[in-house]
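Chemist: I have a structure I would like to understand better, so I am pasting it below and will then ask my questions one at a time.
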Amino acid sequence: MNKFLDLCLFETEEQKKLENLPVWELAERRFNDFLNQSLPITQRIPRIIHQIWLGSPVPEAYKTFMQSWKLYHPDWEYILWDEEKIKKLGLKNKIAYNLSPSYGIKSDIARYEILYRFGGIYVDTDFECLKNFEPIIEGCGFFAGHSNGSTINIINALIGTYPQNFFFEELLEATKRPLFSTDGMKVINHSGPGLFTELFIKNMAINLSAVIFPSLYFYPYPNYELSKNLDIKTIKKTYIGHESYAIHYWEASWIKNRWQKKIKSIVKKMLGIKS
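The numbering of the sequence shown is the numbering used here, which starts it at 33 and goes up by one.
Laid out in structure tokens, this is it:
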């Protein structure tokens, strides 16, 4: 597992004592298959980049991040989904979307349905693109990235898929009831990385073109370093590796590290592992 692990981030040496080893082994096998170009790809990821912005006007810094995706993908379709476009889309989970007070849940519901209908790559607006994603979409049919830690944590901030992926039907079914809360941990469990990690791992057993990419690909700047309050120039100089395709600045990390503990407990429960 050296290649995969070498590209993953751990806050402490203790975290390198991996938990839920079968999941790590599966992630490593799929990543190796990706590197060897041996994944059985039956449906391709379309060359579409989706981003969502709800509420207040887009900050200038975010506009720069958003522009980076267009810069590295000049021939790809780019769609910025706002409230009006999402309303016209006619969401399957429109009731849950409208009633949920959390913009996080609204964005989760919208991204899952957008990806189910159209396929492509969804990416949060606090991501900066570092290189073209053509090698990624040529090598797999469905992907997301691990952030950091001793348990696989699959983040729903950057996702690529082919259209009509059954995985997203499962996500839509799981999020069809509104959550009347803005509590960070409840949101994560209901529609965010907690739910996404659990279902992604289950789906990998039947979706043979699904890949979890190690930390350095999309999350080279770990959220446990946020307390250093570094500027973007320093972050890029310090954390980006030659494997990195994008970097997440965690601008929306209103709960910082706490979501990782929740994801860990969810995955343990799913695998029948006692704490």
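Note that beta-carbon positions come from the ideal geometry of N, C-alpha and C, so glycine has one too. The structure presented is a predicted model; accordingly, all values stated were derived computationally and were not measured.
1) Looking at I141: is its Cβ nearer than 8 Å to the Cβ of S223?
2) If distances are taken between C-alpha atoms only, which option among D215, T214, F245 comes closest to T229?
3) Taking one C-beta from the segment 194-211 and one from the segment 98-107 each time, how about it: are there three or more such pairs within less than 8 Å?
4) Sort R76, Y104, G181 by Cα distance to T44 and report the nearest one.
5) Taking the straight line between their C-alpha atoms, what separation do you get for H105 and F165?
6) Is H82 helix, strand or coil when you go by DSSP?
7) Quick check: Y94 and T157, are their CB atoms within less than 8 Å of each other?
8) K221 to F200, Cα distance in whole Å?
9) Quick one: is S88 buried, meaning 16 or more other Cβ sit within 10 Å of its Cβ, or exposed?
10) Give me, in chain order, the residues of the same chain whose beta-carbon lies closer than 7 Å to that of I137; leave out the 5 immediate sequence neighbours on both sides.
11) Rounded C-beta distance between G151 and Q69? I'm assuming under 8 Å.
12) Below 8 Å between beta carbons: does that hold for L162 and Y251?
13) Tell me the rounded alpha-carbon separation between P78 and Y148.
14) So, are the CB atoms of V55 and I238 less than 8 Å apart?
15) Are the beta-carbon atoms belonging to I81 and Y110 less than 8 Å from one another?
16) Which stretch, first to last residue, makes up the alpha helix (DSSP H) that contains W56?
Modeler: Working from what's here:
1) yes
2) F245
3) no
4) G181
5) 8 Å
6) strand
7) yes
8) In the sequence on display, residue 221 carries Asn and not Lys. If I take the Cα positions, the gap works out to 16 Å.
9) exposed
10) L211, V219, H222, S223
11) That belief does not hold up - the Cβ atoms of G151 and Q69 are roughly 21 Å apart, past 8 Å.
12) no
13) 12 Å
14) no
15) yes
16) 53-67
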